[in-house]
Structures are given as structure tokens and as C-alpha cells.
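Novice: As given, the protein sequences belong to chains X, R, L and W, one line each in that order. Per the working numbering, the first sequence starts with residue 1, numbered consecutively. Per the working numbering, the second sequence starts with residue 1001, numbered consecutively. Per the working numbering, the third sequence starts with residue 2001, numbered consecutively. Per the working numbering, the fourth sequence starts with residue 3001, numbered consecutively. Quick reminder that beta carbons are idealized off the backbone N, C-alpha and C, glycines included.
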Amino acid sequence: MAGNTLIEAKGIYKSFSGVPVLQDVHFEVKAGEVHALMGENGAGKSTLIKIITGVYTKDDGQIYWEGKPVEINSYQDCQKLGVACIYQELSVIPPLTVAQNVYLGREPRKGPFIDYAKMNQMTQELIDKYQFPLKPTTVVENLGIGQRQLIEILKGLSQDSKLLIMDEPTASLSGKEAEMLFKIIQKLRSEGVSIIYISHRLEEVYMLSDRLTILRDGKNAAVLEKEDIIPAKVIETMIGKVVDESAGSRKMLHSDDNAEVRLDVKNLTDKTDRYRNISFQVHRGEILGLGGLIGAGRTEVVRAIYGVDKAASGEVWLDGKKLNPSPKASILEGIGFVPEDRRNQGFIPLLSTTKNVALTNYDIVKINGTSISDADELAMSKRAIQAIDIRPSDPNKQVGVMSGGNQQKVVLGKWLMRDLKLLIVDEPTAGIDVGAKDEIYSILEDLAKQGVAVIVVTSDLQELLRVSHRIIVMRKGDIVKEFKNVEVTQSKVLSAGQGVEEEAE
Amino acid sequence: MKRMNQTTMRRLISIGMLLILVVLFTILAGAGKGKFFNFDNLIEVVRDASIPAIIGVGVTFIIITAGIDLSTGSMMALVGMTMANIYAYTLLPFSVMMLAGILVGLLCGLCNGIIVAKFNVPEFIGTLATMSIFRALTYIIAIRDANGVIKSQPMNHSQYTWLGTGIGKFYYVIIAMIIIVAAGQITLKYTRFGTNLYSVGASKKAATLSGIDVAKTRLIAYVITGFTVAIGAIFTTARLQSATTAIGMDFEFNPIAAAVVGGVALSGGSGDVIGTLIGALFMATLENGVRKLSINTAYQYVIKGAIIIAVVIFDATYKARMDRKAREEGAKEGLE
Amino acid sequence: MMKNFNWSKYSKPIILVAFIVVLSILRPKAFLSLDNFSNVLWSVAVIGIMVSGSIFVFLIGGIDLSIATLCAFSAVVVVSVTHMLGDTPVAVIAGVLAALVVGALAGAIHGIIITTFKIPAFLVTFATQSIFLGLAMVFTNNKIISCTVPAFTAIGAFKILGFPLPVYFMVIIALISWYILRKTVYGRYVYAVGGNPTASEISGINVKLASIVCYVLSGLTTALGGIVLASMTQQASSGTGAGYTNDVITAAVIGGVSLLGGEGTVPGAIFGAVLMGLLNNGLNLMSVPSTHAGLVKGLVIVVAVAFDAMQHADQSRKKVKKVKKASA
Amino acid sequence: GGGATTTREDTAASSGAAAGGSSAKVKVDPYAGDEVKIAYIAHDIGTPNNQGWKEGIERECASWSNIKVDSYGAEESAETQVQIMTDCINQGYNAIILQCSDGTALAPSVKQAEEAGIPVITVNLDCSSDTIHSALVMAVDYDAGRMAADKMAEQMGGSGKIAIIQGVPGLERTDNLEKGFRDTIANYSGIEIVDAQSASFQKDTAMTVMNSFLQSYPDLKGVFAINDAMAEGAALAAQSANKKGQIVIWGADGEKDALAMIESGDMAGTIYTNSWDEGSTAAKIALLMIGSEYDYTCLTATPKVIMEPIVVTKENVGTIAEEDRW
Ligand SMILES: Nc1ncnc2c1ncn2[C@@H]1O[C@H](COP(=O)(O)OP(=O)(O)OP(=O)(O)O)[C@@H](O)[C@H]1O
Ligand SMILES: Nc1ncnc2c1ncn2[C@@H]1O[C@H](COP(=O)(O)OP(=O)(O)OP(=O)(O)O)[C@@H](O)[C@H]1O
Ligand SMILES: [Mg+2]
Ligand SMILES: [Mg+2]
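Structure below.
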């Protein structure tokens, strides 16, 4: 199937602020293949993609298109060649409609004017073709992150390109949408379109890719042919150690009903009906998984528990004490919260790791009179960096320019510095590499062992099964199912989320 | 479709607020000849709004890209003084004089664009600097009398001053405003450039990743503003029948205020030219109406400020409600 | 060695030193004297005082267009109250306190309106600018009210070690402001709120309260600026402080404060104020005609800020060669 | 630019310009108790002079209950002032007292008002000379500059260095004042004008400018500031540099504070005009014009009422009574 070399990047160098990110990288994609690009967080995958698509200027190296050297200085240049790219950081424009976003810069025109009727119709055709839950005229700012990801994908698909690059397209998709995407990818491949596929979800990569390039610390680590893509080997090449990635169907860890109840949520109901009568408990040392499709209302529920949004009615009790939730009160009561939208809600991009880590912890940082002890603040951030291996390990690095995975570690790291009773994590590993994922899982498990109650909201079914002691599935604002001390499979959870009862039960 | 209704609703609300203001002044200052509410006075209000509205079209483009232009007042003076020089020292036809003025406006806009978009100087400070540069250039080319003292240059040739008048009370400047506002609105809503403006304003990074030439888009917005400023300068000098170095002094906040009152967010990515027009009308009504109250100037300032605050509070409260509703709609849509 | 030099870090002191060197060469006698430095500092004192407080507003991504008229209003308040209470030293103290209260109140009103209704600071302060001007006119009946009470004029003119009091005020206020921003928890919160209000909210910061305090601090220093200005000129009117809004914002931005919020330091802002003071002083000493001064000033500002912006952008490019060599 | 300007032929303009004439004049007689309203349109309502004029006008009219005065400020902008003029014409004011921001720019509006039968009395600044209107009440700035120069030269003993503190460039009034001053100083061979800097009419800026003058010219003997606020600033700066009374500092306008500083020896002199008097004179003329048979179109020039500027120094400052200090 795979034919001649379509695009080739040779001897690519790139550095930011003097720190080398890519060194002598070689990367080659053949016509009609799905080529996966893997590597740890910060390995330089996204940077390589941005160089290929002209967003960053390379420091050195050469790119060849169908064997001929080309200069790509802007995204338009690569569009002309027939390359489309779905970037990791979403590039949808919130004030525009879905259709405007999909055809941004390529709007169908009548004379000098945009032909909106045609554009909406073309978008509707695309939506129908791929069956995405979208409407052409919806303004994007009113949509959630998952839907925005779908728009981004639609935009890439609409370009009929020879090469489609996808940088972590499934990071904020739930199982159902991801399945749809995989089908689309397979269809495109059969039509001869080349695809560069970046993901931290290994099973996707194994399933989809024809070849695999692994980057490590900004250098080429390996190029594997389909038959050589063996999970253990890939992981080892990527991160230098072996991680157990096996999971599919397994028995829940034992969830002990007799353990002390830490969190008791009673009849929580939303003002605007995004969830209703939510009641559940989390015990000491228990990891509760919260599953469901995009838009099931899980995020809203956990935000209400933590106190970012106020629920219309219902109560939240922690260790037998009724809470009046607000972020500040929650923090002081021993609740930690990792929001799903990392970039917009998780951290302060302009500030350093140190200041981000310390932000929620000034009640425990040493303060002389009114003056923060810089040394103590720094020591705390060094502890966090050490505890979850944040890279770069420079505590003064601006978090805004760090890779997504490391940003997530910073967001999580600050909660590990305090004594927690309850930790809520919403999509904790979106866009995080296997190694780091594994670390995060073990951090969550460690916390649980220490008696912390943990709530994990995740759309990654594998993850849900991997970490949860008990699973609650939500659908359209209601709790529809609980899996406790039973055998669960991904498909059972999925069908509960979709509202399809399995006959097998 | 829902969103369509929402913008329409908001538009209706802002028109409503304008009308309330008109009614308020009609009650306080009276209707009929010599009062607030009569044709002659209302048409003057529109006339007063037209220069900020015309220049506001360009400024709206810039603000939509999350930029700002503080140099429009000085730019007006420079354009005016350029034309005054041609008027005074040459016998070139007026059309050539006006073209030269427009050219200067475009060049000024280009300067701003280059400083801001190419050299990445923050908009506020970049255009604050050009504000003093353009004013200084105006002084330098100012026309001086035999003693070397700067003087105002009359430009009272009837072939030019007709621009300052109208067909009866339908002033040409109002007609120009309607044309420019319409052109601006169409550009904004129905061309790629317009979409690009919104994209750049919403997120420069996302716009870059979508293949939009961010620097070029911003630059063109500044150049367009240069054009609208030149048009504003032409109508102003035609009405004043002269050009002075003081034209446009402290003017720069007027179009910005018109835009912002009209719902163009300074953070970029939202608003439109019609909003700016309504904002300009609102500000002009306020200025004019407060004058009719026959109260001490000092209190006029207080009342003006208080009304603006009251109105924006109302608008913000309303907008917050609309936005929440729209998000809920969006969320529901996602479920289907 | 030189190649490793971190230009962007030191660009500000370098620009300052370059300026001083150029002026020293061009106008050695007039420029290089203690008196002149004292004068320059004195002329930037008011801007320095005001920018030390306004920086809080800029750091949370706000802006204050009412600086000039609030300055006028508080100047009017201090003088009127002093007159009202009989021009005694105690009256002066009462006047100063009254003006500070007015400033703090004005700031609180700004903060409350802006945060409660989520209205852009630009609009609110654009409106209050008009209100403060009106109030200043009401209180003075559009006149200049002068005040030559020694206890009052001393605020602006009394000298210690050759430097007038306002210079010390500037230094003290700047130090306090620097301390708050650099050392206290509240300072950390200000940067966080400016950098990402949503994330700050989730991190348990009372974003609303933190923002209101920023506006109050800005109001306080603006009022103090007004008091000092009134004392320096021995009078107050609705025109006191005209032009200071732009001067304060310019000083802050030249000093590296981002009007988008989250970025900037007090030393930077003071640097900006001093640079502007030196620039004005230089233009005066060089007898540049006022018609041309704006041109020079504008160009210097553009070049200085563009230079700073380029330094940021160029950082990455410079190191390339070294990396290549290392890996070759 | 400089040099001679070109004349453009305009056949259309001269005809029909004064066509409307005084026919539109409304028959009212303020002295007979008819309701009358007068508008005062200031360049900037917030300055002492403008306030002085305003109060002069108000005092003059205060004794008549049938006369109403409204004051407007144009925020230092000719464009705004033109808008207010149009507004006042529409409002049907019986007379307008106008302090032009810019004589040339306001000329069309003045013409329009007169054509509508509303007498316009300009104060302090004429509108362009071919715009004939009811009256002009003014001080002659050029002459004032000359008088200041002569007196200053005398005080300086005919020799020494002088620096000028200017206002905002390009304003006709202050430019004329400076011109008169310079022309006269040129007659004194011993006196040299070494520098001229703008302080934008601001007292605090003037202090800074004065400080740099003191640095640049240690032997500076005289300073002429184009308005009193700046002269006061210069005097304060001299005071704090321990040069009180050593430098001959002059201002212009004659506001209250400046007179006090002359008394205390901080300033050497100023040009005094009585703003109240000017204002009330303008108001008197306005009342005469309203409803009179008087037809301005038959004039060949605008009638001028010259308010004689008075040179004030320490010797005669005492003669200005407290109630004449504005
Ligand atoms: N604009 C930038 N400025 C400075 N440093 C940057 C910038 N973009 C990326 N980097 C740095 O370059 C390195 C590589 O980042 P890149 O985003 O390419 O990683 P990645 O492999 O895509 O990681 P992830 O899997 O987390 O997306 C990181 O260390 C990151 O901090
Ligand atoms: N900040 C927001 N802005 C706009 N819409 C939002 C926002 N947060 C949530 N929504 C919408 O509310 C709906 C409910 O979302 P919620 O995030 O609670 O669901 P979820 O089960 O957590 O799904 P997800 O997997 O997307 O996180 C979503 O469809 C989303 O579109
Ligand atoms: Mg990446
Ligand atoms: Mg969620």
C-alpha cells in the first residue's frame, strides 16, 4: 500500500531560548501510510510538526516534498502543498461559527463576498458524512472542549489533503468519538491519504499505525515498521523503562463499603439542569471513577463539589462535616482539584513552576511576618519537581512554555504538597505520555493508600478501568450505573454511558 | 439560529438604550423648536456622531484584532495640515489635495501597522508614541505667517467647503458615514478579511495555526484606519473651512469610546461596525442632551459619566445573562 | 563571553546608562550635576508615585484612564479641606487624609463596579474620568485655589540632603509596592490573577477582592500624586495633573509592564518613569524646540520598546549556532 | 512651511455670503423685560481667564431677571466649539459671546450665527478678519508682549540672558504675545534670548523646564512665561534653587496668584487684563445688540473694544484692588 516518500525532514534543529528541543531529527512519511510519532511529553513531537507546517522556523535542516526540497514558511505554504494539520493546542476561533471555523481562510466566495449559504451547506455535508454532533451555525464559544476538538478534526478533514497531521486528536474525546475517528482514519488511508498520528494512547497507535517514529529528548530514537511495533519495546525505547500497559477487562479492585465515608454528596442538583439529584459517597482510601460520554455532566458535578460553581440544591459532606463549598474553603478543608481544561483553568502560564506550585499552598509555606520565605517556596517546588519528575526541572521555568504533560504535572504537583482528604481529578492524563501516565496513576494510588479519597473523571475507558476501585457512570446529568466489586469491561461502561443495556447482563 | 437571535436581541437592546436616552432628554429638556427633541437638533446629533463613527469604522477593525489606536486625533491634524499646505502653496485641484490627504492617512496607518505588527511594539504604547510624532510633524509642516508664527490656514474655497454642508440638512458627512459604515459592516461580516480580523482578535496563536497571516491582517486594519481618519479630516476641515495644528486634540478616545460603548470588546474578537455607529450616536446624544439641561458645566461632566456607567452596567448584566443562556443551548446541542 | 550576555535582562539599565552617557557628552556642565539629577528625580517623582500604585491595576490586566482627573480631584480636596479647617498644620494633615480617603474610595468604586458587573476597566474609568473632572470643577467653582500654608508647601519643596521630599516619597512608595508585589502572598495573587483569573479562582484566590484592592491601591497613589503635585505647585484646580494618565501608562509600558496583565515589576516601571524624566530633561537641556520634541520623544519610545520586544523574539535565534556546534 | 501663500480664485464664495442679512432678527428688547438668553462659549471652561469672563458676563446680567446666561466649555477643541455654536444657533439664543479656540476655524459658524440674526461678540481673539460680526472685545497680545519686553529690559538693566517658557504651540494668542516680546527684545543689543521651551501652560511642567534652564544657563537673568501659571511655576523653581528675586520672571494674564507673587518679590511682573471687566463689557454690548436695528452687514470691519493691557510690577501692583483680582 505505502508508496514513495511523500515528505521528508532531514537534519532538523530547533531550540527555544537557547534550550535545544530538536537535534538532527530525521523524519519520513510515505504516501498512503499512517505514520505514528511517539515520544514522552516534551520530546519535541509538536515542535517537529510545527516546523513541518511552517509555524516555527527551523534553525537548520531541510524539508523535501515528493523528493524536492521545499521552503515552508507559513501554514499557507504547507496548505498549498496539500498538508492539513490538527494541532495539539486547539486552533478554533471561539467567536466564529462551526462552519466559519471549518473553512477559515478557505471560505467559498461569491465575488469578493463569503457565500455563507454554501459554506454552511458544505459544513453540514461534512458533519453528516462523519456524523459529528455539531451544527454549522453554532458559535464555538458556546461549545465544550470535546466538541471543539471535533471541529478541529472536521477542519482537517475538509481540506482533502495528501497529508493529514493529527497531534493528539483523541486527548479530549470520549470513547465513542474516538472510535469514529479511527474509522475515518482507516478510510482515509484506503483512499491513499498519508497521516501523521501523534498520541499517547498506545492502543490507538498499535491499532492504527503502519510505521512508527520515536523521538526521545529531541533526537531520533527509532523508526519501527508495523511488524516491529511491540508494546514493550516501544515503551522502552520511548522512556527507557518498562511499564505495564496491559488492561482490557479486569476485576475491580476491592472497594470496601465498611471503610469510613469521606465524601458524602446528597441530592446535588444544578441550577440549569446539567445534572440532577446526584448522590454518592467516596470512602477513605477509595478511588472512584466517574465515567460517561462527553457532556454527561461529570465536570459540572465535580466543579460543584469543589465549589467553583454553586449547585442549586443538595449537600456536600466531608468527614461528617457539612461544607459550604468555595474553592478557598475546599482547599482549607483538604480538597484538591485538577480541572479538565488545563490551559485555561489549571495554571498561570506566565508564572514559574515554583509560583504555580506554591499558589494554593501559602498557608503552609513559611512566611516571616508578611514576607514569603523564597527559600521555602523554592524548596517546596523542588519537592514537587522531584516527586512527579517535572521536566524541565528548572523551578523558574515559565509553565506556559512547557509541554502539556509537564504542565499537567505542575497542576497536580501542587496538591501533593499538602495534606489532602479528597482529591478530584478531571481528565488527569489528557495528552500525557505513558510514562507520566503511569506515574500519575501510582501517585493517585499512593494517595489512596494514605487514606485520601480520590475521584477520577475520565473519558479514557482504559484509564477508568485501570485506576478505579469503583465506577459510577453518568448519562445526561443522571447517575445511571454503578460498578462495584464486579467484572467490568470497556464495552459495559460504554453501553451504560450510551444508555444501551447489554443483553448479556 | 439561536445565536442569530441573541445578537439581534443585543442590538435591539443597545438601540433601545439610545432611544431611552433620547426620551430622557426629551422629558428633561423638552421637545419643539429650540429644545432637544426636534428635527434640527437631532440631525445635528447625527452630524456630530458622524466623524467619530467614520473613524470608528477603522478603529473598530483594530479593536476587533485586540489592538488600539491612540493616534487618530494627531493623524487627523497631520492630514489636515498636509492638505492646507497644498491649498496654500499650490493651485492643484481639490481632488488632488484630498487624494494627497488620503495618502498621508494611509501612510500614517502603515507606520502604526509596521510599528505594532512588525516590530511587536504593544499597541497602546506604539500608537501613543505615534500620537506625539504625528502631532510634532503637524507643527513642523504648519503654515506660518510672515513673522514665523504658526497660523491657521483658511480653506474656504467653495469647491471645497461644500463638503462641510449638505443637501439641506442632510449633511454630506452623514451620507459619507452611512456609506463607510455600510462598507465596513459588509467587509467585516462578508469577506475573508473580516473573518480574519475576528480570528486574530480571538487568538493570535490559533489564527496563526489556521494559516492566517496575523501581521498582515493587523497591518491592514491600521492602514484602513488611516483611510477613515483621512476621510474624517477632510470633512472636518471642510466644515471648519480651515486647518489648524490643534485639530483632533484629545479626539483619540472618542471613536474608541464609541466602539466600546457599542459593544466592541477591547479584548478583541467581538463587536461590529453597526455597534460602533450606535455607540457614536449614543455619545453624541449624551453630549448634546446634557448641554440642553442648562446646568453648570461641572455637573454636566458628572452626569455624563454617571449615565455612561449606568448604561454599561445594564448592558453588562444583560449580556452576562444572554451568554449563559447561549452556553446552555450550546451544551444541549452537543448532546444530540 | 559577550555572546552569552543576556541582553534582554539588562537592556533597561543599559538603555539608562547609554542615555546618561550621551547626555553627559553633549551637555557635560548642565547635565552632570547633583542639582540636575535631583531635578530630574523631582520631576519624575509624581509619575513614580502614581505608577507604583497603578502597576497593580495594569498587572491584573486593567487600565485606569481616570488618573489625571482623580489626581486633580484629590488635589482639590486636600487644598479645600486645608482651607476649610483654618490652614493650620493639623488642617493640612486632615486635608491629606481626606484626599487619600477620596482616592481609596474612588479606587474601591472602580474595583467594585468592574468586578461585580464584569465591565472593562477602560469603560468604567473613561466614565469616572468625566465624573472626577466635574467634581473637581464643582469644588473649585472652576477656579484655581491656591494654598501657601508652609506645612503644606513643605510636602513638595522641603529638601533633605539636596533632594526634595517627593523624591523620598517616590522611593518609599516604590519600595512598599515592590515589597508587596515581590514578597507578600497578596503580591503573588496579583500576578496570578493577571496571568489567568479562571485558574486563580480555582486555586482558591478571591479574585474579586484581590482586584478591588488593586484599584484601591491605585486610587491611593493617584491621590498621593495629586497631593504632592498640589503642594509642589502650591495650588489646585480641575486642570491639575493634566497629561499624567498617558505619562503613567507610558512609564509603565516602557518599563516592561504588559497592559494585558501578569507581567511587569515596580523597578521596571520606575525605570520607565526615570527614562521619561531623563528624556524630557535631555530635550530641554539640548534646547530642542517644543514643536520637534514630540517627534524625538515618540521615536525614542518606539525604538526603546521595539528594541525590548526584539530582544525577546531574538533570544531563540541567537543560540542556534552554539547548539549546532555542540552537537556537531 | 513658510513663505507666501497662493491665492485661489473663488467666484462662488463672495457672492451671496451676506445674503441673509439681519432680516431674521427677532424683535426682542432685553431692557423692556423680554425674555432673553445669552450663550457664552468658552475655549475651555476650566481656566481662570475663562472663569473670569464667565463671571463678568454673569455679574453684568445678574441684575436683570429676564436675562439668562448659559455657559459652555469646548474642551479646548475647535471642532467641539463649532458643534456647540451650531447647537446654540439652533437653540435660538439671542446673542452669543464666543471665546474662539481658533479664529479661522470658528469663522464659518460666526458668519452663520450673524446671518441667523444672532449677534456674536467675540472675546480675546478675533475670528479671521474677513468675518465681520457684531463686536470684538480684546486685549492686544502683540502689544502686551512689547510692553512686557520693554519693562523687563528696563528691570534687567538692558543686558543679560532671557529664556521663554511657551504654551502649546500653534495658538494664535500666545504666539502673538511671544512675537511682540521677541520683536521688542531685538531692540536691546545687550539682551539675548537664549532658549524657548514649552511647558504646555502647566505650572508643574514649567517648574521642570525652569530647572533645566537654571542648569543650562547659570547666568540666566530673565524668564518670560507666556501665561501666569507657568511664570508662577518658574518662580517656585527659582525659589527652591535659592535664586528668589535674582531672576526677572514675567508672566501674562494677571491672575490673582501672580499678583501676590509680584508682591512677595518672587515674580517681577505680568501683563494684567481685567477678565471680569472684559466679560461684562462683552455682555453689555450683547444686550445693546439684541433687538437693535443695528445691521452688521453694513460694516466694513468688526467693531473692536480694546481692553488696554496694564503692565504690573512691584511698584504698581498695589493699585490693583482686591475686588479686581480674579
Ligand atoms: N514556544 C516555545 N517556547 C519555548 N519552549 C518551547 C516552546 N514550544 C515548545 N517548547 C519546549 O520544547 C520542548 C518540546 O515541546 P513539544 O511541545 O514539541 O513536546 P511534545 O513532544 O509535543 O510534548 P507533548 O507530548 O507533551 O505534547 C518542551 O520542552 C517545551 O518546553
Ligand atoms: N466552560 C464551559 N463553557 C461552555 N460550555 C461548557 C463549559 N463547561 C461545560 N460545558 C458544556 O456543558 C456540557 C456538560 O459538560 P461537562 O463538562 O459537565 O460534561 P462531562 O461529562 O464532564 O464531559 P466532558 O467529557 O466534556 O468533560 C458539555 O456538553 C459542555 O459543552
Ligand atoms: Mg505536543
Ligand atoms: Mg469533563
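#1: In its own chain, which residues sit with a C-beta less than 6 angstroms from the C-beta of K2012 (chain L), not counting the 5 before and 5 after it?
#2: For the candidate residues W:H3133, W:V3248, W:Y3296, whose alpha-carbon lies nearest to that of G3158 (chain W)?
#3: Please confirm whether any heavy atom of ligand 1 lies closer than 7 angstroms to the CB of A43 (chain X).
#4: Does any residue of chain R bring its CB to less than 8 angstroms from the CB of L2250 (chain L)?
#5: I'd like to know whether the C-beta of G400 (chain X) is nearer than 8 angstroms to at least one C-beta of chain R.
#6: Going by Cα to Cα distance, which pick from L:I2020, L:A2068, L:S2038 is closest to H2236 (chain L)?
#7: Would you please verify whether the beta carbon of V1312 (chain R) is less than 8 angstroms from any beta carbon of chain L?
#8: Nearest CA to the CA of D60 (chain X): which residue from X:E439, X:V21, X:E191, X:E141?
#9: Here's a check: name, in chain order, each residue in its chain whose Cβ is nearer than 6 angstroms to the Cβ of V2051 (chain L), leaving out the five neighbours to either side.
#10: Can you give the Cα-Cα distance for T3302 (chain W) and V3110 (chain W), rounded to whole angstroms?
#11: Output needed for A3283 (chain W): all residues of its chain with C-beta closer than 6 angstroms, excluding positions within five of it in sequence on either side, in chain order.
#12: Do we get a CB-CB distance below 8 angstroms when we pair D1040 (chain R) with the residues of chain W?
#13: How would you label G248 (chain X), buried or exposed, when you count the other beta carbons within 10 angstroms and need 16 or more for buried?
#14: Checking 8 angstroms against the spacing of the C-beta atoms, do V3168 (chain W) and S3200 (chain W) come in under that value?
#15: May I ask you to check if the CB of S2231 (chain L) is nearer than 7 angstroms to at least one heavy atom of ligand 3?
#16: What number of angstroms, rounded off, separates the C-alpha of T5 (chain X) from the C-alpha of V282 (chain X)?
#17: For a minimum of 4 consecutive residues, which ranges assigned as the alpha helix (DSSP H) are wholly contained in the region 156-194 of chain X?
#18: Three-state secondary structure (DSSP) at S2203 (chain L)?
#19: Counting C-beta neighbours from all protein chains within 10 Å, is the total for K355 (chain X) 16 or more, i.e. buried, or is it exposed?
#20: For a contact defined as C-beta to C-beta under 8 angstroms, what are the partners of G1034 (chain R) on chain W?
#21: At a Cβ threshold of 8 angstroms, is P428 (chain X) touching chain L?
#22: Between which two residues does the beta strand (DSSP E) holding Y3040 (chain W) run?
#23: Which of the residues in the region 1057-1079 of chain R, read from start to end, lie with their CB under 7 angstroms from any CB of chain X?
#24: Answer with buried or exposed for P2166 (chain L), where buried requires no fewer than 16 other C-beta atoms within 10 angstroms of its C-beta.
#25: List the residues of chain L whose Cβ lies closer than 8 angstroms to the Cβ of V3209 (chain W), in chain order.
#26: Should M1177 (chain R) go down as buried or exposed, given a rule of 16 or more other Cβ atoms within 10 Å for buried?
#27: Would you please verify whether the beta carbon of I1102 (chain R) is less than 8 angstroms from any beta carbon of chain L?
#28: In the structure shown, what three-state DSSP assignment does A3024 (chain W) receive?
#29: Is it the case that the Cβ atoms of K271 (chain X) and G314 (chain X) are separated by a distance below 8 angstroms?
#30: Going along the chain, which residues of its own chain have a beta-carbon closer than 8 angstroms to the beta-carbon of L202 (chain X), five neighbours each way excluded?
#31: Just verifying my parser: in three-state terms, what is the DSSP assignment at L293 (chain X)?
#32: Please identify, using Cβ separations under 7 angstroms, the residues of the region 336-355 of chain X that lie next to chain L, in order along the chain.
#33: How is L1103 (chain R) classed by DSSP in three states: helix, strand or coil?
#34: Using the beta-carbon of each residue, which ones in chain L are nearer than 8 angstroms to V308 (chain X)?
#35: For ligand 1, is there any heavy atom lying closer than 7 angstroms to the beta carbon of V506 (chain X)?
#36: Can you pull the chain L neighbours of R1135 (chain R), defined as C-beta to C-beta under 7 angstroms?
Specialist: Quick look at the numbers:
#1: Closer than 6 angstroms at the Cβ level, and outside the excluded window around K2012 (chain L), lie F2271.
#2: W:V3248 is the residue among W:H3133, W:V3248, W:Y3296 whose C-alpha sits nearest the C-alpha of G3158 (chain W).
#3: Yes, ligand 1 has a heavy atom inside 7 angstroms of this Cβ.
#4: What sits at residue 2250 (chain L) in the sequence shown is Thr, not Leu. Cβ-Cβ to chain R under 8 angstroms: yes for T2250 (chain L).
#5: G400 (chain X) is outside the set of residues whose beta carbon lies under 8 angstroms from a beta carbon in chain R.
#6: The residue asked about is misnamed: residue 2236 (chain L) is Ala in this sequence, not His. The shortest C-alpha separation from A2236 (chain L) is found at L:A2068.
#7: Residue-level contact by beta carbon holds for V1312 (chain R) and chain L, with a gap shorter than 8 angstroms.
#8: Proximity to D60 (chain X) across X:E439, X:V21, X:E191, X:E141 peaks at X:V21, based on C-alpha coordinates.
#9: Scanning its chain for C-beta atoms nearer than 6 angstroms, with the 5 sequence neighbours on each side dropped, one finds around V2051 (chain L) the residues V2248, A2251, A2252, A2269, A2273, in chain order.
#10: Straight-line Cα distance between these residues: approximately 12 angstroms.
#11: Result list for A3283 (chain W): I3057, E3060, C3061, in chain order.
#12: For D1040 (chain R), the answer is yes, since a Cβ of chain W falls inside 8 angstroms of its Cβ.
#13: Because G248 (chain X) carries a pLDDT of 42, less than 50, the predicted location of this residue cannot be relied on, and no value is offered for it.
#14: In contact: V3168 (chain W) and S3200 (chain W) (Cβ atoms closer than 8 angstroms).
#15: No - ligand 3 has no heavy atom lying nearer than 7 angstroms to the Cβ of S2231 (chain L).
#16: The straight-line gap from Cα to Cα measures roughly 54 angstroms.
#17: The alpha helix (DSSP H) runs lying completely inside the region 156-194 of chain X and spanning 4 residues or more are 175-190, given in chain order.
#18: Of the three classes helix, strand and coil, the one that applies to S2203 (chain L) here is coil, per DSSP.
#19: With at least 16 other beta carbons inside 10 angstroms of its own, K355 (chain X) counts as buried.
#20: The contacting residues are N3090, Q3091, G3092.
#21: Not an interface residue.
#22: First-last of the beta strand (DSSP E) with Y3040 (chain W): 3036-3042.
#23: Cβ contacts with chain X: none found.
#24: So P2166 (chain L) ends up on the buried side.
#25: Result: N2284.
#26: Buried.
#27: By this cut-off, I1102 (chain R) is not an interface position.
#28: Note on A3024 (chain W): pLDDT 48, under 50, position unreliable in the model; the coordinate value appears next. In the structure shown, the three-state DSSP call for A3024 (chain W) is helix.
#29: Not in contact: K271 (chain X) and G314 (chain X) (Cβ atoms no closer than 8 angstroms).
#30: Within the same chain, L202 (chain X) has close Cβ partners P231, V234, I235, E245, V434.
#31: Residue state, collapsed to three classes: coil.
#32: Per Cβ criterion, the list reads F337, P339, N344, Q345, G346, F347, I348, P349, L350, L351, K355.
#33: Helix at L1103 (chain R).
#34: Here the neighbours are E2201, I2202.
#35: This structure does not reach residue 506 (chain X), given that chain X is present from 1 up to 505, and the question cannot be answered.
#36: Per Cβ cutoff of 7 angstroms: G2294.
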